[in-house]
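Heads up, the thing below is written out as structure tokens.
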């Protein structure tokens, strides 16, 4: 039932990545979860091993791969069952803005650093009072001569503490049309008057340095704007397909991993005279979850395949985003029910997956927003 | 998001079929629903127009098509919103037994008549006290010299009243191993001591002549056996993939049709100051149903594609069978909720679809049986 | 707080069960369902025994009793039960707000099983909250002249009297206050267009109606002008509870049938009821029925105690119907599945229970509207943006 | 049948609400959750006010009162509430079956907030119905010697006394009748292995236990040998109702928080609570809470009235916990979603309510086992094939 075809070089890449994860990531996760972030050194090692931005061409130091490399990274990160080292946010969500909309100068300056892991990136879009509602954004960017002055605050920013470079969405306060007011800027974290908050206390993504960012008369060079002035909204829209697709891919792998673990556990777990796996109710529950995961997998693969052919599948990807992130939540809830007492301890990996995946139906546009979008495009 | 590729000749076939349905089928459905069967003449016309058994080769009068022709027939039949003229049971479920397991003589004798619509076929497997449990079958076939004597009763037989030829499953009473006891026989309906019951009163499939069949010392020639003696169980198993796939294909099209109709209705229906389609709750409900239908569609197309490559996808097809027949039921229930009062009248097409599709999670192996099978193959 | 039924309640329950078990015939039900006929003889018999509208018989409303009867009737037969119970539909308006003369002329005849009654509130394309009623009753001297259209009127062709929600206007067009007016079927200008071929509840006829210059005496007003909407909503609350009880009965009846079937029938050498998944389906059904039933009884209790003072909580009835209907559709659907091929056959009844429950679930007041009633009170007014 | 609370019940409800609102501190809760600590000071204060184990204070069980308190506590704070309410876990066994001396020595100290109590029933790999208990208590003279393992013992490290389900044997190995025995923590041979890093209810410690030749006086038997399983099941019924009440409180608390948030917060120039889909989510949550709450109160009522005579319906408690937990997980999950990004942040509390509710839902007695209790009675014995 496979749709995606992985080449020998993809599989080699995956093997190297697996080894890397087993050696450099898995043994450190518990520490990172307590420290609420991953060390920058592991990003650097990811870069050294060519696991960051795999689709960038050789001129920037990349391996000139394709989106299947991204799928592999997402898959192997899901296997580690943590989300601190959120490489896909950097590689597949943030850096593509620079690649697609940056000037030649910006690309030559920053992309090699993104590939090498010297610079970790973040996208600064969400604000305390404007979640999915871009029109309500209040961060301002006023262009003055060769500079741009930024004021405002952003929240829920993944890689917020570690980031060296942020793609920032801000509004021209003079432009009244909200769809023409937003521009995107590259802001280095060492810029004066750019302050980062502490990592936020969250239900999950414990090792993820999600934070608030503050800009107080923060001044950056004008050439750090990505694309045309006022084109921010369009650029954000154009990148949504890949951003949501990343969520779909990740959600599907988390579903598969949870099922694999839970089946293994129930095959070993005694409940009185019989093994837990021999309960018909448990078996049906597993079959139902496996069926939904299988259908989601086929759908995900088809989406990836269409995306790689540059097709517009934004509606279908939005469907996938809401459906699979809801599925991963339901799968975690139901696996925990089957596991029982042991699932109430953090020792049980599904406890963490439950906490970590819960955010997926909230970020990158809540599932309610997904449904609104789909409705607008299909019912009008 | 398409996976299946239809050729020009497929599309021509579909156009001809559409015209045929509009002319010969749709205007008569209400009458057929009241009469509890369709006239044999419409089967004959289907045959004359080459819509029966499209995958049979020219030597039997067929057009030498492939399973995509079957998909087209299922789709266009679903569009008529009735199930009396259950051509896919004949073409894709029953006749394949003859094609795969019949002797040269049997094939030459019967297949041309199946293609031409002179003979309507049925599969006689289910018994009053043995639903999905083949081992509990009690109909016996005793081979005596050149003949076979059959005794027993079958129930819930689709095309039961109209059928001219039945593929009958019966047991050798001397064989104790239930998996080796069953053989398949071709029984012509004109055979003495083969009696048909009246069409059964059902929740739906009103124009379908589902009936009981009775065999009382019914004698048929020994050469009417399909395949080897005692190989019935294996043959039934081998044909399950296509039988269940037919259910999946049909269920998906019924989902799509219901959604299309319901969206159209809500776009016209006034509820006080606004149109029903402007209710956010209704819109989300439609989006959720459309998403599931879309995912099921992609899964179905992938299954068809693998099936056509002769791959073993019995597990995935069983997943599809339970999931899509459950989905079609849930879709009908939810569409009726959105439609409201009008849905409580038979005039509303969804009322009939609701009644008709309800049987899909029961026939061809109940959904509980599907889950048992999937569990056995994936959790052991 | 006390969850036990009183002695008198248990007696009523028993009387209803015995009547239904003794009188409801399986073949009759199958036949009436097929032919879309009302069980006239059974209705009259039930009325003679005081089982029709028994909640309107005492010193105050006793909807709890009515709920108990509805459950028992519909458990024995979903269609016979629901049609008999709907026979005096709307008589509650007469009971609560009709004057002595209306009560004598109509309410008594309804309770005695001489005529069927009903309400005609909803209009084509109207808002489910009835806020945009356009049917008018122009007042001149002692007469009202009605004009307007109503849709999906339950008991359509059969009812002898209709309680119509309209706006009463003076001759000069002023006023337009919502009011209930009783219209007899025989009155000139009352047009009834039956809607036949129903999906479920086929023994309960439904019709669209049109009033063309229908003249009725002023004394046919049920309550004063201006009270129409409140009265209509009160009735709808009562109806929501009654319907909730009916569908719960259907759920119980389906559960009993599927339980009996699966206890007897074997698959793979084991009774179907012995499989864990089957067992848990039953547990699930039993839990849902029990919860929806408590909610329905609470709503009935609240109406009995508080409606007369206008202090009942209208969200309870909406909750009860919403949940009971959802439960009943689930349980009847699951019962069809548990009976397998037999479940799909008319002879085994559960498919009819399923169609009946589904029909009640989707006909107004239903679904989104019921949720909106609950949400409105819970969330309250939100300051404008 | 009467759905209104009595005056005394309303007073208890109010007292519990006032205590929780006055004493439960948001930062304290966040901190204790993080550090996995028990709110000792609050527990003692609640005990002093008679709010710990108040159902064991009067002439008979009054679990309905306990349900009302649990709801109020857990609505104000899921973790503080549930941990305080679990402090006297198992004291019901002493209340129902302990002799005067056990009551004086232990029950009073538990109710006064001097020690925590708990039950230790389940064993590693054991059947959820406790039919295969292997912990033994060998009787010699006036002493019992306990050996065996227990798992997931609530209040693990903290409890001063454990009520242990074991089989009492004579020295020659005969007997093996199930019995409850009270074991003090300080007794030699009691090994406690804490299980830390919990997913939810992190203020309630849990531990595995081992008894190695633990000697306790014969007078520590709670009830007679042979009554252990019945007593254990009675306690589990009580616990099921208590847990149901706790999770319902959590659901209520989450609902209040998400309602407040969405009424204030705007998206696309409209309060989130004004969107139809949001409104219907609230309607749905309110309905489910109300139903599960009725079921929980009915189960408590039934136990209060009938347990002492052994005539209670044990399926009610199982139903109540199953449905209440399902409802609470749904409502807290939905609340996280309604708060969006904030819902995922610890500061906004609902994620903690969600983890707490989920933890209760999945720890024994839970899920499949509860359904089996219901199914067993509903379906009854089926003739063997």
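Chains as they are written, first to last, in the working numbering: chain W, -10 to 369; chain X, -10 to 369; chain A, 680 to 1064; chain G, 680 to 1064. Every residue gets a Cβ at the ideal spot worked out from N, C-alpha and C, and that includes glycine.
Under the 10 Å beta carbon count, residue 737 of chain A is surrounded by fewer than 16 other beta carbons and is classified as exposed.
One alpha carbon belongs to residue 326 of chain W, the other to residue 842 of chain A, and they sit about 52 Å apart. CA-CA distance, residue 250 of chain X to residue 37 of chain W, rounds to 56 Å. Runs of beta strand (DSSP E) with 3 or more residues, each lying fully within the region 123 to 179 of chain W, are found at 129 to 133, 136 to 146, 154 to 160, 171 to 177, listed in chain order.
Counting C-beta pairs with one atom in each stretch, the region 199 to 208 of chain X and the region 133 to 153 of chain X have three or more that are closer than 8 Å, which means they touch. The alpha helix (DSSP H) runs of length 4 or more contained entirely in the region 767 to 842 of chain G are, from start to end of the chain, 770 to 776, 787 to 790. For a cut-off of 8 Å, the C-beta gap from residue 156 of chain X to residue 215 of chain X is around 7 Å, short enough to register as a contact. If you check the CB distance, residue 726 of chain A and residue 766 of chain A come in under 9 Å. Across the region 1040 to 1052 of chain A, CB contacts with chain X closer than 8 Å involve 1040, 1041, 1042, 1043, 1045, 1046, 1047, 1050, in sequence order along the chain.
Distance from the CA of residue 930 of chain A to the CA of residue 122 of chain X, rounded to the nearest whole angstrom, comes to 28 Å. Under the three-state reduction of DSSP, residue 236 of chain W is assigned to helix.
According to DSSP, residue pairing for residue 946 of chain A in a beta bridge involves A:949. The three-state secondary structure of residue 336 of chain X, taken from DSSP, is coil. With contacts defined by Cβ atoms closer than 9 Å, residue 346 of chain W and residue 273 of chain W do not form a contacting pair. Under the 8 Å Cβ criterion, the region 96 to 108 of chain X does not count as touching the region 258 to 276 of chain X, having fewer than three qualifying pairs. Under the three-state reduction of DSSP, residue 42 of chain X is assigned to coil, being neither helix nor strand.
Going by C-alpha positions, residue 322 of chain X is about 51 Å away from residue 175 of chain W. Going by DSSP, residue 884 of chain G is part of no alpha helix (DSSP H) at all; its letter is neither H nor E.
Counting every other CB atom within 10 Å of its CB across the protein chains shown gives residue 901 of chain G a total of 16 or more, marking it as buried. In the three-state scheme derived from DSSP, where H, G and I count as helix and E and B as strand, residue 113 of chain W is classed as strand.
For residue 262 of chain W, the neighbours in chain G by C-beta distance under 8 Å run, in chain order, 806, 811. What residue 368 of chain X touches in chain W, judged by beta-carbon distance under 7 Å, is 252, 266, 272, 275, going in chain order. Of A:1027, A:984, A:925, A:730, the smallest CA-CA separation from residue 999 of chain A is found for A:925. For residue 874 of chain A, the enclosing beta strand (DSSP E) starts and ends at 869 to 874. In this structure, residue 310 of chain X lies near residue 237 of chain X, with their beta-carbon atoms less than 9 Å apart. DSSP places residue 1024 of chain A outside any beta strand (DSSP E), giving it a letter other than H or E.
Residue state for residue 892 of chain A is assigned as strand, using DSSP reduced to three classes. Collapsing the DSSP output to three states places residue 209 of chain X in a strand.
Inter-residue distance for residue 808 of chain G and residue 707 of chain A is about 47 Å (C-alpha atoms, whole angstroms). Against chain G, the beta carbon of residue 751 of chain A has no neighbour under 8 Å; the closest one sits roughly 16 Å away. The region 940 to 950 of chain A and the region 819 to 827 of chain A do not touch, with fewer than 3 CB-CB distances between them shorter than 8 Å. If you check the CB distance, residue 757 of chain A and residue 983 of chain A do not come in under 9 Å.
For residue 863 of chain A, the uninterrupted beta strand (DSSP E) run begins and ends at 854 to 863, by DSSP. Residue 325 of chain X has a beta carbon lying within less than 9 Å of a beta carbon in chain A. Per DSSP, reduced to three states, the secondary structure at residue 100 of chain X is helical. The residues 1011, 1012, 1015, in chain order, have a CB closer than 7 Å to that of residue 1033 of chain A in the same chain once the five nearest residues on each side in sequence are set aside.
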